[in-house]
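Colleague: Please find one structure pasted underneath; my questions will follow.
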Amino acid sequence: MNYIQICFQKTSAEQNELLTALLANAGFEGFEEEDEQLKAFIKEEEFVQADLDEIINTIPLQYQQKLIAQQNWNAQWESSFEPVIVDDFAAVRASFHQPITNVKHEIIITPKMSFGTGHHATTFLVMQQMSKLDFNEKSVFDFGTGTGLLAILSYKMGATIIDAIDNDEWSIDNAKENIQANNCTDISIALANSIDTAKQYDIVLANINLNVLTASAGSIAKICKPNATIILSGFFGTDVPQMQAALTMHNISIINQLQKGDWVCLRCIYSA
Numbered sequence: 006m007n008y009i010q011i012c013f014q015k016t017s018a019e020q021n022e023l024l025t026a027l028l029a030n031a032g033f034e035g036f037e038e039e040d041e042q043l044k045a046f047i048k049e050e051e052f053v054q055a056d057l058d059e060i061i062n063t064i065p066l067q068y069q070q071k072l073i074a075q076q077n078w079n080a081q082w083e084s085s086f087e088p089v090i091v092d093d094f095a096a097v098r099a100s101f102h103q104p105i106t107n108v109k110h111e112i113i114i115t116p117k118m119s120f121g122t123g124h125h126a127t128t129f130l131v132m133q134q135m136s137k138l139d140f141n142e143k144s145v146f147d148f149g150t151g152t153g154l155l156a157i158l159s160y161k162m163g164a165t166i167i168d169a170i171d172n173d174e175w176s177i178d179n180a181k182e183n184i185q186a187n188n189c190t191d192i193s194i195a196l197a198n199s200i201d202t203a204k205q206y207d208i209v210l211a212n213i214n215l216n217v218l219t220a221s222a223g224s225i226a227k228i229c230k231p232n233a234t235i236i237l238s239g240f241f242g243t244d245v246p247q248m249q250a251a252l253t254m255h256n257i258s259i260i261n262q263l264q265k266g267d268w269v270c271l272r273c274i275y276s277a
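Numbering of the sequence shown is given in the working numbering, commencing with residue 6 and proceeding in unit increments.
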């Protein structure tokens, strides 16, 4: 599987925040931020030039575009992956990092081409929201699992039923590897484009993007037990009114909002 890399030059931190949000909504999955530079990655078959042109009209910037082969992508991803540490609650690291011992939960992720390792702001926020919940003996649905990070953390926090889906076959394979590396059992991983299950859950996790989440609000509600908790991220604070409108239509209420930079994470309750 090949990826398209878009490299933006001479960008500010503020521009990188906005670019990342716009590009994520356009289907870009991975981001690397360096000094005055932002690299964004998208599957070759999902790249739409018109979407990129629209973003450039919003933020006029010079960029370079190139094709990244699968074998090159893996080395590039590994070289840029840094641990994510959430207070004393949890840490996410790769196998080539030193162990992080001063947290309750340590997760080892093999960084490949799936969203959920390098997107630090939303990953951090979702984990922070999870730290406030009791997962013991709970059922969990992880929508857009990517590396399997949130499913693995749910298991480590005591969840007994964990179902996770993603629409990318490579992500599914990567998630299975990570689940095994963390000695997790009873996590079900499936390849799917949308939520399609008759089961209901105590907790639903979804760190994706605004477009997918607003379109999926009804499907999320259908898999919630009464008073289920829903944690959503992958969008900007300015997107919250749009997100809230979609949720309200399906009896989902926002009860808490965390923010890191321009990114937000919502904790919600479903009222049957």
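For glycine and all other residues, C-beta sits at the position ideal for the given N, C-alpha and C.
1) How many angstroms separate the CA atom of S224 from the CA atom of T165?
2) Alpha carbon to alpha carbon, what distance is there between L66 and L27?
3) Judging by CA-CA distance, which residue of S221, L138, I177, E34 is the nearest neighbour of G163?
4) List the DSSP bridge partners of K48.
5) Cα-Cα, which of S276, D267, L155, T234 is closest to L23?
6) Anyone know if the C-beta pair for D173 and L196 falls short of 9 Å?
7) In this structure, does DSSP put T16 in helix, strand or coil?
8) If you drop the 5 nearest sequence neighbours on each side, which residues of the same chain put their C-beta closer than 6 Å to that of A29?
9) What ranges does the alpha helix (DSSP H) occupy inside the region 115-198, keeping only unbroken runs of at least 4 residues that lie completely in it?
10) At what residues does the alpha helix (DSSP H) containing S282 begin and finish?
11) With distances taken Cα to Cα, identify the nearest neighbour of V89 among I113, I73, E49.
12) Can you give the beta carbon distance from I1 to I9, rounded, assuming they're within the 8 Å contact cut?
13) Quick one: grab the DSSP three-state call for I60.
14) Hey, how far is the Cα of E19 from the Cα of F240?
15) Which word fits V209, buried or exposed, when buried means at least 16 other C-beta atoms lie within 10 angstroms of its C-beta?
16) Between which two residues does the alpha helix (DSSP H) containing V269 stretch?
17) Do V97 and M132 have their CB atoms nearer than 9 Å?
18) Taking 8 Å as the cut-off, is the C-beta of T150 nearer than that to any heavy atom in the ligand SAM?
19) Following the continuous alpha helix (DSSP H) through L252, name the residue where it begins and the one where it ends.
20) Identify every residue that forms a DSSP beta bridge with L215.
21) What's the gap between the Cα of V145 and the Cα of D93?
22) Excluding the five sequence neighbours on either side, which residues of its own chain have a C-beta within less than 6 Å of the C-beta of S238, listed in chain order?
23) Can you find at least 3 beta carbon pairs, one from the region 174-186 and one from the region 152-162, that sit closer than 8 Å?
24) What would DSSP say about G32, mapped onto helix, strand or coil?
Modeller: Well, looking at it:
1) Computed Cα separation, rounded: 22 Å.
2) So the two alpha carbons sit approximately 14 Å from each other.
3) Among S221, L138, I177, E34, the Cα nearest to that of G163 is on L138.
4) Within the DSSP secondary-structure output, K48 pairs in a beta bridge with Y8.
5) Of the residues S276, D267, L155, T234, the one whose Cα lies closest to the Cα of L23 is D267.
6) The answer is yes: Cβ separation under 9 Å.
7) T16: coil per DSSP, three-state reduction.
8) Excluding residues within five positions, the ones whose Cβ falls inside 6 Å are N214.
9) Secondary structure in the region 115-198: the alpha helix (DSSP H) runs of 4 residues or longer, each lying completely within the stretch, are 125-135, 154-161, 174-186 in chain order.
10) Outside the modelled stretch of the chain, which goes from 6 to 277, sits residue 282, for which no answer is possible.
11) Of the listed residues, the one whose Cα sits closest to V89 is I113.
12) Here the chain covers residues 6 to 277 and nothing more, so residue 1 does not appear.
13) DSSP places I60 in helix when its eight states are reduced to three.
14) Taking the straight line from one Cα to the other gives about 15 Å.
15) V209 should be labelled buried.
16) Counting along the chain, no alpha helix (DSSP H) covers V269; the unbroken beta strand (DSSP E) around it starts and ends at 268-275.
17) With contacts defined by Cβ atoms closer than 9 Å, V97 and M132 form a contacting pair.
18) What this structure holds is no ligand at all, so the ligand SAM is not there to describe.
19) Start and end: 245-253.
20) In DSSP, L215 forms no bridge with anything.
21) Approximately 23 Å between the Cα atoms of the pair.
22) Only T127, L130, V131, N212, C270 meet the Cβ criterion.
23) Between the region 174-186 and the region 152-162, the count of C-beta pairs closer than 8 Å reaches three or more; the two stretches touch.
24) Coil, per DSSP.
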